[in-house]
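Novice: According to UniProt numbering, the sequence shown holds residues 1 to 58 in order.
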Amino acid sequence: MAQITLKAYYPWWFRYYVVAVHTFAYLAGLEADEEVLQRHARAAKRYREVIPTDEVQQ
């Protein structure tokens with residue numbers, strides 16, 4: 001049976017998005033809505049297939 005190994009990651013721009021949201025909220029005297037950020041994180045999550053090499057298997 002074939003086994004597929006996946007690795008979860010966030011796109012490069014997502015970290016900048018989170019920093020921008022927190023920075024704007026701080027400067028405006030507001031609080032960032034963590035529930036909304038968590039929903040956005042779930043939507044932005046990506047997966048890539050990890051191809052095992054012979055070195056790892058030994």
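Even for Gly, the Cβ is constructed at its ideal location relative to N, Cα and C.
Leaving out five residues on either side along the sequence, give the residues of the same chain with a beta carbon under 7 Å from the beta carbon of Ala-44.
Specialist: Answer for Ala-44: Tyr-10, Pro-11 and Phe-14, listed in chain order.
Novice: Taking the straight line between their C-alpha atoms, what separation do you get for Ala-32 and Ala-8?
Specialist: If you take the alpha carbons of Ala-32 and Ala-8, they lie about 24 Å apart.
Novice: When the distance is taken between beta carbons, is Arg-42 closer than 8 Å to Leu-6?
Specialist: No. Outside cutoff.
Novice: Do Leu-37 and Val-18 have their C-beta atoms within less than 8 Å of each other?
Specialist: Yes, these two residues count as a Cβ contact at 8 Å.
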